[in-house]
Amino acid sequence: MKKTNRTLLSAVVSGAIAATIACSAQATTDGQVKLGILADMGGTYADICGSGCVIAAEMAIEDFGGNVLGKPIEMVSADSQLKPDVASAIARKWVEDEGVDAIGGLVSSAVSGAVSKVNADSKNITLISGSASNTFTTKTCSPYNVHWTYNVVALANGTVKPMVQAGKKKWFFITADYSFGHALEGMASKVINENGGEVLGNVRAPLGTTDFSSYILQAQASGADVVALANAGNDTVNALKAAAEFGLTEQMDVAGLLVFTPNAQAMDPATAGGMRLTSGFYWDMDDETRQWSKRFEQRHGAIPSMIHAGVYSVTMHYLNAVKAAGTDDTDTVMKTMKATKPNDFFARNATLRPDGRMVHDMLYVEIKKKDERKDKNDIYKIIKVIPGDEAYSPMLPQCNFS
Amino acid sequence: MATLFDINLFALFGQLLVGLINGSFYALLSLGLAIIFGLLKIINFAQGAMYMLGAFIALLALKYMGINYWFALILVPLTVGLIGILMERFLIRPIANEDNLYSLLLTFGLALIIQGVFTHAFGSSGLSYPVPEALKGGTKLPFMYLPNYRAWIIIVSVFVCAGTWWMIEKTKLGAYLRAGTENPQLMQAFGINVPLIVTLTFGFGVALAGFAGVMAAPIYSVSPDMGSNILIAVFAIVVIGGMGSIGGAIITGLGMGVVEGLTKYFYPEASNTVIFLVMVIVLLLKPAGLFGKEA
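Each protein sequence line maps, in turn, to chains L and R. Taking my numbering, the leading residue of the first sequence gets 12, the next gets one more, and so forth. Taking my numbering, the leading residue of the second sequence gets 3, the next gets one more, and so forth.
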């Protein structure tokens, strides 16, 4: 065992050293547009932004026509492994050596934070589609951040507010113990307090917890009206499973604050049916969404999550801006992107604000019960459309990069 | 409500019981590892993947062949055990005479491949396996609501663990096995087929992981990374219990479940590190582990 430990240790150390050897670079303005897509190819979030994110970007490039500024559009992709150090090493290599202009995909707030930092130094564009934290347009805002799809503010306003207003005043949180979970819990607590509710307690469960029974018992003992799950992916599915098993779902409401379509499909309809949540997109909303989703499903083998649709939409918006500006110069392209209103099957009533936040209509949906479903993809019914300015918080003056 | 030093005793009982249930899983998994390591000196990093395989095979058998939970409890460990036997015969045996670092790397690579294939085929979001009809519902205890399935887990794993321990430590078959791994030449001279014993033991250890996988399927999300999440903790448990000690693995498994359960109550942030903390302390004070024989 000793030898193994030493081998493992040296691997870790050399990885860390590799990550620190780096110098700053400048964005290339060579008239050659090259996109980088960073996704989670084999980890927890592979279904919501793995190969699907790459496919969505490819579709956008094809639909755009494949060429811009008189040259073919190039694309590279890589696995972030959900590790910020890996992600920032790849991002550096891309922008320094390979002439990548913009990096997209980007699932996990920690990964996006690392890439956004690299791009802020090198003046490259970060097209965040998969991450939830609102830090990219507040605390760590940058002139080169573009945050598409959703964020924790929209989730909290969309899901929590109607429940508090309907009289569910007492809340208990089961939170994923990392930056995303903390941000989501913080934002949801703020909404609860502002609307006259109260937070009775919380537990912070490590990411990747399999057994939530202990946390469910604590939630049960809290006497809350609602147990909010401020986590994502398998954590949400496992927490909900334990909640049903220990009879919690019969005493209290469970609110999944961030649920993606593949996770909703993995939940037992008997438990999850009736649960309401906020999403940036649903494939079966209207003809436009259905048409795109059908094409995506043929290539990917599953219906698109909101992140997939977001990647397509933001890639298209970026390429349109390059074409309109007639250059791949970062500052000019950013200016054009912000001056043009995004408008496609995904971005409805949308604007890209000077802080980089893309504000668009969000959907308040309910998970269908078993007898309401036509097939395995028929999972949500749309309760209402939340206008963008109700869902997202106003821009901060210090992040106004107009 | 009964309280002591500001701690709600009822809540504490609940956490102890839940910890014991999780401990049963740890016991089942670490038992398999302890057998494989203790008797065969193979560090099997694919044990987590076999646990995952167990859950997936149960799920697929239900979906495509209509094999229910009760049959799966018997058939799945046999299938997984068979996979283990093939693995031992064709992959591990050729490197049996090398340093055991080789088997560690081999099984680790195998685990990554299996997990990768399953992620590719089924996605990373996980699938759901229904709780068998007969074990649905639960019992209202004074301090908590105990789902019947969880009670079933404790009973079954205590039974399986005790049975395995008895078979290895108390029966003639177990004696052959222990002797065969202690001094293979001598046993072969007595006409015992040692390679066969080794293969069967490996198969049995792996089958235990498959069994734990079936037990886990109804309560956890069946996903490709379910094994890798739990494997490192299980290795730590084997180290704490004393490498190779069968009884040690069982007792430590149950004990660590309780320790982890209490941590989830008092300081949840540390719940996935507490086992390693205990491991460090045990290694410092008693390098051979709590029940290990040699230093």
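All C-beta atoms in this analysis are idealised placements derived from N, C-alpha and C, irrespective of residue type, glycine included.
- DSSP places L:Arg-306 outside any beta strand (DSSP E); the residue lies instead in the alpha helix (DSSP H), whose first and last residues are 298-311.
- The residue among L:Gly-81, L:Pro-280, L:Gly-116, L:Lys-150 with its C-alpha nearest the C-alpha of L:Val-87 is L:Gly-116.
- Where L:Asp-264 is concerned, the enclosing beta strand (DSSP E) starts and stops at 264-267.
- L:Leu-166 is positioned such that its CB atom lies no closer than 8 Å to that of L:Leu-138.
- Note: R:Val-200 is not bridge-paired with any residue in the DSSP secondary-structure output.
- The criterion of a C-beta distance shorter than 8 Å is not satisfied by L:Leu-240 and L:Tyr-293.
- A check of alpha carbon separations from R:Val-20 across L:Ala-402, L:Asp-400, L:Phe-223, L:Gly-337 identifies L:Phe-223 as the nearest.
- Out of L:Thr-186, L:Ala-335, L:Tyr-161, the CA that lies nearest to the CA of L:Asn-145 is found in L:Tyr-161.
- In terms of beta-carbon proximity, L:Glu-107 stays away from the interface with chain R, with every pair separated by 8 Å or more.
- Per DSSP, L:Met-278 lies in no beta strand (DSSP E) and is assigned neither H nor E.
- Contact residues of the region 240-257 of chain L toward chain R are Gly-244, Asn-245, Val-248, Asn-249, Lys-252, Ala-253, Glu-256, Phe-257 (C-beta to C-beta distance below 8 Å).
- In the DSSP assignment, R:Pro-149 falls within the beta strand (DSSP E) that extends over 147-149.
- L:Lys-172 and L:Lys-128 have their C-alpha atoms spaced approximately 33 Å apart.
- Comparing alpha carbon positions, the residue from L:Gly-267, L:Arg-301, L:Leu-269, L:Lys-134 closest to L:Phe-356 is L:Arg-301.
- Within chain L, no C-beta atom comes nearer than 9 Å to that of R:Asn-99; the closest sits roughly 17 Å away.
- In the three-state scheme derived from DSSP, where H, G and I count as helix and E and B as strand, L:Asn-274 is classed as helix.
- By a beta-carbon distance limit of 8 Å, L:Tyr-226 contacts L:Val-214. Their separation comes to about 5 Å.
- Taking a C-beta distance under 8 Å as the contact criterion, R:Phe-278 and R:Gly-244 do not qualify as a contact pair.
- The alpha-carbon of R:Ala-272 is positioned some 21 Å away from that of L:Gly-197.
- For R:Thr-81, the nearest beta carbon of chain L is not closer than 8 Å to its own beta carbon.
- Around L:Asn-274, the beta-carbon contacts reaching into chain R at under 7 Å are Ser-127.
- Contact residues of the region 130-149 of chain R toward chain L are Ser-130, Pro-132, Val-133, Gly-140, Met-146, Tyr-147, Pro-149 (C-beta to C-beta distance below 8 Å).
- Pairing L:Cys-60 with R:Leu-41, the inter-Cα distance amounts to about 44 Å.
- Close partners of L:Leu-228 in chain R (Cβ separation under 8 Å): Ala-13, Gly-16, Gln-17, Val-20, Met-146.
- Taking a Cβ-Cβ threshold of 7 Å, the residues of chain R close to L:Val-214 are Pro-270, in chain order.
- Residues of chain R whose Cβ lies closer than 9 Å to the Cβ of L:Gly-284 do not exist, since the nearest Cβ in that chain is about 13 Å away.
- The C-beta of L:Gly-54 comes closer than 8 Å to at least one C-beta of chain R.
- When DSSP states are grouped into helix, strand and coil, R:Met-52 belongs to the helix group.
- Chain-ordered, the chain R residues with CB closer than 7 Å to the CB of L:Gly-219 read Asn-231.
- Proximity of the region 93-107 of chain R to the region 224-231 of chain R falls short of the contact definition, fewer than three beta-carbon pairs being nearer than 8 Å.
- Taking a Cβ-Cβ cut-off of 7 Å, the neighbours of R:Met-228 in chain L comprise Thr-221, given in sequence order.
- Ranked by how close their Cα comes to the Cα of L:Ala-332, the residues L:Trp-303, L:Val-122, L:Asp-108, L:Ala-113 have L:Ala-113 in first place.
- Residue-level contact check: R:Ser-159 does not touch chain L, since none of the beta carbons of chain L fall below 8 Å from its beta carbon.
- Under the 10 Å beta carbon count, R:Leu-188 is surrounded by fewer than 16 other beta carbons and is classified as exposed.
- Separation of L:Glu-69 and L:Gly-42 (C-alpha to C-alpha, rounded to the nearest whole angstrom) is 20 Å.
- Look at the region 94-122 of chain L: it has no residue with a C-beta under 9 Å from a C-beta of chain R.
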